[in-house]
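Peer 1:
Protein chains: 2
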Amino acid sequence: MTAANGRLIEGLITNLPIFRQAARVHLDEVVRHARAETVSRGAAICRHGERMEGLFAVAYGLVKLALRGDAGDEKVLRLVGPGETFGEAVVFLERPCPVDAIALADSMVVIVPGAVLLALIERDSRFARGMIASLSQRMHALVADVESSALRSGVQRVAAYLESLAEPGAAQAKVRLPATKTVIAARIGVTKETFSRLLRDLADQGLVSVSKRDIVLLDRERLTALVQSSPKPAPSTT
Amino acid sequence: MTAANGRLIEGLITNLPIFRQAARVHLDEVVRHARAETVSRGAAICRHGERMEGLFAVAYGLVKLALRGDAGDEKVLRLVGPGETFGEAVVFLERPCPVDAIALADSMVVIVPGAVLLALIERDSRFARGMIASLSQRMHALVADVESSALRSGVQRVAAYLESLAEPGAAQAKVRLPATKTVIAARIGVTKETFSRLLRDLADQGLVSVSKRDIVLLDRERLTALVQSSPKPAPSTT
DNA sequence: CGATCCCATTGATATAAGTCAACACCTACG
DNA sequence: CGTAGGTGTTGACTTATATCAATGGGATCG
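Top to bottom, those sequences are chains A and B.
Using the working numbering, the first residue of the first sequence is number 3, and each one after it goes up by one.
Using the working numbering, the first residue of the second sequence is number 3, and each one after it goes up by one.
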């Protein structure tokens, strides 16, 4: 491991939400056992069914966590960017990885072996608490996703997703899709074709303006209204 | 609190997976602060948006965790039976409950205040580990659910669900739906009408035999084969 | 014992979203 | 600079599943 690598790992890990509450001494221990790895665009960090080596933190680049069907279709669960982590829920169980982790760009990930985390839980209760909070948040996000795909229509999911990319507050906002439209479509839960059409529909209604991956949310009020209104003609108040 | 209640609470809690690893002394503490509550069929234990009082354990009865859309539709996330718990992911965040928890039968739940759990995490690292493992398992289950509804067809989901109710191994098995078909349908992610039709299809193919809530899995081999085969004509090997 | 409610089934019809296929880009690379 | 591979758009068509509506049990209860 190079010295530069060492500093990079340390900087990344100390700023990770999971380790935020952990004692300094313990963090040094974590850093000592962590190792960095670079993966080039398109390469798999971990494939469905394989054993997970530990917790992964993205230093730079972008990683896609996805499920793949027997046909060619795939469902993207999460896009993991710099400063984010994945694999928490897997290292603590003796089960194989349930998803594919693919680098969407040349990336660097830092790997913290599971054993280190287990030891840390024993020694540092604040870290344990942080890990629990982290897992809980991840669960909430997943539940929100299930809610979205189970009881919202395609347009609504697209609108909600675009909104989620923007900071709340302003009446307008410009956002940039973090990946190709094909990937985003799989994230939202539609095919690339319908995504394209839905995006055009929103543009036709003057709600957004699309140019490549850059999208301007022209009327966020109507956009969020779209999300909350019922997909089907609302059954008058009961 | 009656003495009978006290013993019931103790018996329930000591057998909960989450507390399995915790030290005896700490468990006594938990039991002291827990309280039992009975809810009658149809009543809400906790509604979407409300504050969660703590961790819930079902002593007897059946509880439905569900999301509801603006229209009348709902998605059932989980059916929680005796000896199972819910609310882990909520107590550790300051967020309101994301789901509705409704008793499907006259039930008794034991409530462990969040503060007690937080304290326990500090004192007992084995409990912390148990909680983390529990959350991880819950996540895996959820991911499996997402996988199911995202890239499997209706029949496949039904077949998979029926299989999940049976102990693995035997060539045949008889299972009983834990709730009304309407609820099971919402759990699987189809309407009650399509559930009915799909069930009949399976029966017509000689895969199952249905009589009220009792279902006999006649040919589990073909049933599981159905689940794994691709929903669309498989694109020949590439 | 009839009335009522809830649950399930079935048929007819509607529709959102997927599929198939063609084409237009754009970037990259030899 | 022309060819090629990944990406996105658009159109015509198909289909799984929802929706609407009607009916038939069981239960439960006064």
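Here a beta-carbon is modelled for each residue, glycine too, at the ideal position from N, C-alpha and C.
Can you list, in chain order, the residues of its chain whose CB lies under 8 Å from that of residue 297/A, leaving out five sequence neighbours each side?
Peer 2: With chain A covering 3 to 240 only, the question about residue 297/A has no answer from this structure.
Peer 1: If you drop the 5 nearest sequence neighbours on each side, which residues of the same chain put their C-beta closer than 8 Å to that of residue 52/B?
Peer 2: 98 and 99
Peer 1: Output the boundary residues of the alpha helix (DSSP H) element that contains residue 85/A.
Peer 2: No alpha helix (DSSP H) holds residue 85/A; DSSP gives it neither H nor E.
Peer 1: Can you pull the chain A neighbours of residue 155/B, defined as C-beta to C-beta under 7 Å?
Peer 2: Those within 7 Å of residue 155/B in chain A number zero; the least Cβ separation is about 10 Å.
Peer 1: Pull up the distance between the alpha-carbon of residue 27/A and that of residue 122/A, whole angstroms please.
Peer 2: Spanning the two alpha carbons is a distance of roughly 11 Å.
Peer 1: Whose C-alpha, out of 32/A, 82/A and 72/A, is nearest the C-alpha of residue 66/A?
Peer 2: 82/A
Peer 1: With a cut-off of 7 Å, does the C-beta of residue 117/B fall near any C-beta of chain A?
Peer 2: no
Peer 1: Is there a C-beta anywhere in chain A that falls below 7 Å from the one on residue 100/B?
Peer 2: yes
Peer 1: Could you tell me if residue 126/A is buried or exposed, where buried requires 16 or more neighbouring beta carbons within 10 angstroms of its beta carbon?
Peer 2: buried
Peer 1: Are the CB atoms of residue 220/A and residue 211/A within a distance shorter than 7 Å?
Peer 2: Yes, the Cβ-Cβ distance between residue 211/A and residue 220/A is below 7 Å.
Peer 1: What are the residues that DSSP puts in a beta bridge with residue 216/A?
Peer 2: DSSP output for residue 216/A lists 178/A and 213/A as bridge partner(s).
Peer 1: At which residues does the alpha helix (DSSP H) containing residue 186/A begin and terminate?
Peer 2: 183-190
Peer 1: Should residue 169/A be labelled buried (16 or more other beta-carbon atoms within 10 Å of its own) or exposed?
Peer 2: exposed
Peer 1: How big is the Cα-Cα spacing for residue 24/B and residue 30/B?
Peer 2: Approximately 10 Å, taken between the alpha carbons.
Peer 1: Output, in chain order, the set of chain B residues within a Cβ distance shorter than 7 Å of residue 131/A.
Peer 2: 123
Peer 1: Leaving out five residues on either side along the sequence, give the residues of the same chain with a beta carbon under 6 Å from the beta carbon of residue 151/B.
Peer 2: 191
Peer 1: Excluding the 5 residues flanking residue 179/B on each side, which residues of the same chain have their C-beta closer than 6 Å to its C-beta?
Peer 2: 186 and 215
Peer 1: Which value, in whole angstroms, describes the spacing of the CA atoms of residue 46/A and residue 101/A?
Peer 2: In this structure, the CA atom of residue 46/A is about 11 Å from the CA atom of residue 101/A.
Peer 1: Within the same chain, show all residues whose beta-carbon is closer than 6 Å to that of residue 92/A, passing over the 5 residues directly before and after it, in chain order.
Peer 2: Non-local C-beta neighbours of residue 92/A in its own chain, meaning closer than 6 Å and more than five positions away in sequence, comprise 54 and 99, ordered along the chain.
Peer 1: What residue range does the beta strand (DSSP E) around residue 40/A cover?
Peer 2: Where residue 40/A is concerned, the enclosing beta strand (DSSP E) stretches over 37-41.
Peer 1: By DSSP, does residue 68/B sit in helix, in strand, or in coil?
Peer 2: Residue 68/B falls in the strand class under three-state DSSP.
Peer 1: May I have the straight-line CA-CA distance separating residue 19/A from residue 188/B, to the nearest angstrom?
Peer 2: 36 Å
Peer 1: Are any of the Cβ atoms in chain A nearer than 7 Å to that of residue 149/B?
Peer 2: With its beta carbon less than 7 Å from one in chain A, residue 149/B belongs to the interface.
Peer 1: Answer with buried or exposed for residue 222/B, where buried requires no fewer than 16 other C-beta atoms within 10 angstroms of its C-beta.
Peer 2: Taking a 10 Å sphere around the C-beta of residue 222/B, we find 16 or more other C-beta atoms and assign the residue as buried.
Peer 1: In or out: residue 213/A buried (at least 16 other Cβ within 10 Å) or exposed?
Peer 2: exposed
Peer 1: I'd like to know whether the C-beta of residue 244/B is nearer than 7 Å to at least one C-beta of chain A.
Peer 2: In the structure as shown, chain B begins at 3 and stops at 240. Residue 244/B is therefore absent and cannot be evaluated.
Peer 1: Flag this pair as yes or no: are the beta carbons of residue 136/A and residue 94/B separated by less than 7 Å?
Peer 2: The answer is no: Cβ separation not under 7 Å.
Peer 1: Would you report the Cα separation of residue 79/A and residue 181/B, rounded to the nearest angstrom?
Peer 2: 30 Å
Peer 1: Using a Cβ-Cβ cut-off of 7 Å, state whether residue 134/A counts as contacting chain B.
Peer 2: yes
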